[in-house]
Amino acid sequence: MLAEIKGLNEECGVFGIWGHKNAAQIAYYGLHSLQHRGQEGAGIVVNDGEKLIGHKGLGLITEVFSHGELDMLGGNAAIGHVRYATAGGGGYENVQPLLFHSQTGSLALAHNGNLVNANRLKHELERQGSIFQTTSDTEVLAHLLRRHNEFPLVDRVKVALNKIQGAYAFLIMTETHLLVALDPNGFRPLALGKLGDAYVVASETCAFDIVGATYIRDVEPGELLIISDEGLESQVFTTETQHAICSMEYIYFSRPDSSIDGINVHAARKNMGKKLAKEAPVEADVVTGVPDSSISAAIGFAEATGIPYELGLIKNRYVGRTFIQPSQELRERGVKMKLSPVRGIVEGKRVVMIDDSIVRGTTSRHIVQMLRDAGATEVHVRIAAPPIVNPCYYGIDTSTREELIASNHSIEEMRDLIGADSLAFLSEDGLVEAIDRKHTNGCGGQCMACFNGNYPTPIYEDELVHQQS
Ligand code: SF4
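Position 74 of the sequence shown, counting from 1, maps to 74 under the working numbering, and the rest follow consecutively.
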């Protein structure tokens, strides 16, 4: 993936396990398979039934646990998190799981998503005496849970979840329980599985494969799973729900070997490529995909058109993250460090280049130029998703509207700016049909807000100022 140079970043991945003697080690391997969802911080909190202890740090999971820290985390339950920082910034204090101790017990929190009313709740809580330890939106839930301590935990969680709005897949662990909650729109993927007698939950099913767990089902929007030594119980914290999973999970973020709601991500991407071929055919000699996330769509495009799929672009896997800085100049250099054209494949050929998105347009411009420099006679760009014209407020860092090239330019202007011979995008209908989630609410049970502006939750002006600052 080219997330860090493209300006389209996931916010997090979560993993939880209850009832296994190697909980910390299993969480580690689970998080390793979710590393693509966030590379800026990682952490694990374990539970031995009497206390919660954890370790976290900045960097990749292998870097954070490189000095035997895992061996010191004993217990039969654990939650873990990999983080990409947007809301709240990227300091150590914001790395999750967040862990709180009080006289009545401990609480660990791991969150994937973004709360759209965190700022206003935080002001309210501070007025009532709360002191926040982090700048992360996630901490709001901890303070809400501390209210009315006299009531049972599950009741407090339900009340708190009904106060927050936005996207959240939450893992909440105490000495006695692991609670798992998905927001009423189900923006982020969250799956439930079993490993022997232990229950596991993860942002993506690829984490189950790596630890040998069996997939049971996806967690439902508005559902609260209550896991303890007594077993698993499913409750709901609201009945006002709908399915609005983030379309970008299928298009770009999730691993191709994951399935969301029973739909394999690679197969969905391949269908997007096939639909794109029908909607925007072109005469060419080879089809190539921008590695890694666009390869599946490129294979689908090639299959539908009969134009051979070739490896026209190679990803350099050994570029350290530290090379990629968030300035335009270094971002542009980053493209060259990360990708190379295969001259023997593209020289003298009319190339169809499949990509999954155009955010600012700079990455596409560089790749088109690379292919031309390597001898391609024509470069036709086909995007296996509709144009991104609106920012995301649900945990994806898509830049501001001003930075989104499709927000301010026509398709012809974009074609000119990226230097392609032709440019076309998959339609919204084409995307919905390609994923084929069998939901009948008109958009396939998907959030499409970055394409069409139909945000599934209220968006508050004061929160937007906060998020963009
Ligand atoms: S706005 Fe776009 S990126 Fe954000 S949740 Fe919706 S589909 Fe996903």
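For each residue, glycine too, the CB sits at the ideal point set by N, CA and C.
DSSP state of residue i mapped onto helix, strand, coil
i    : result
I405 : helix
K438 : coil
C450 : helix
H177 : coil
K336 : helix
K163 : coil
L311 : coil
D509 : A question about residue 509 goes unanswered here, because the residues of the chain that appear run from 1 up to 469.
D397 : strand
A169 : strand
L276 : helix
Q325 : For Q325, the predicted structure reports a pLDDT of 47, less than 50, and the residue's modelled location is therefore unreliable. The matter cannot be settled from this model.
H67  : coil
I358 : coil
E283 : coil
E433 : helix
F253 : helix
R37  : helix
N271 : helix
Sheet register partners of residue i (DSSP bridge)
i    : result
E233 : I226
M353 : T288, V381
R54  : Residue identity check: residue 54 is Gly in the sequence provided, not Arg. Answer is V45, bridged to G54.
V154 : According to DSSP, which records beta bridges pairwise, V154 is partnered with nothing at all.
N264 : S259
K194 : Y199, T214
S427 : None; S427 has no bridge partner.
I245 : Q446
S422 : H380
With 16 other Cβ atoms within 10 Å as the buried cut-off, status of residue i
i    : result
R317 : exposed
F65  : buried
R127 : exposed
I131 : exposed
I324 : Low per-residue confidence applies at I324: pLDDT is 41, beneath 50, and the placement is therefore not dependable, though the value from the model is reported in the following sentence. So I324 counts as buried.
S102 : exposed
R83  : buried
P308 : exposed
L311 : exposed
R382 : buried
D472 : Given a span of 1 to 469 for the chain in the structure shown, any question on residue 472 remains unanswerable.
I367 : buried
G348 : exposed
V201 : buried
D183 : buried
T176 : exposed
M248 : buried
M173 : buried
D218 : buried
S469 : Interpretation of S469 is limited by its pLDDT of 31, a score under 50 that renders its predicted location unreliable; the figure taken from the coordinates is listed afterwards. Per the 10 Å Cβ criterion, exposed.
P458 : exposed
Residue i, enclosing alpha helix (DSSP H) - first and last residue
i    : result
M414 : 411-418
H380 : Run containing H380: none in the alpha helix (DSSP H); it sits in the beta strand (DSSP E), 378-383.
A118 : 118-127
A298 : 295-305
V211 : 206-211
V140 : 139-146
H32  : 23-33
I367 : 362-373
R343 : 343-346
Residue i: first and last residue of the uninterrupted beta strand (DSSP E) it sits in
i    : result
H111 : 105-115
I61  : I61 -> not in any beta strand (DSSP E); alpha helix (DSSP H) instead, spanning 61-64.
H81  : 77-83
Y92  : Premise fails: Y92 is in no beta strand (DSSP E) and is neither H nor E.
G13  : 12-18
H101 : 98-102
Inspect the CB distances between the segment 193-205 and the segment 20-35 and report whether three or more fall short of 8 Å. The segment 193-205 vs the segment 20-35: in contact.
Would the segment 114-123 count as touching the segment 45-54 if we require 3 or more Cβ pairs under 8 Å? As far as the Cβ criterion goes, the segment 114-123 does not touch the segment 45-54, which means the pair count is below three.
Three or more beta-carbon pairs under 8 Å between the segment 196-210 and the segment 153-163, yes or no? Fewer than three Cβ pairs drawn from the segment 196-210 and the segment 153-163 lie within less than 8 Å of each other, which leaves the two stretches out of contact.
Would you be able to state if there are at least three C-beta pairs under 8 Å between the segment 426-442 and the segment 251-264? Touching, yes, given that three or more Cβ pairs across the two stretches are closer than 8 Å.
Any contact of the segment 183-190 with the segment 30-42, i.e. 3+ C-beta pairs under 8 Å? Touching, no, given that fewer than three Cβ pairs across the two stretches are closer than 8 Å.
Between the segment 405-413 and the segment 269-278, can you find at least three pairs of beta-carbon atoms closer than 8 Å? No, the segment 269-278 is not in contact with the segment 405-413.
Are there three or more Cβ pairs, one per stretch, closer than 8 Å when the segment 444-463 is compared with the segment 409-423? Short answer: they don't touch.
Determine contact between the segment 296-305 and the segment 360-375, defined as no fewer than three beta-carbon pairs at a distance below 8 Å. As far as the Cβ criterion goes, the segment 296-305 does not touch the segment 360-375, which means the pair count is below three.
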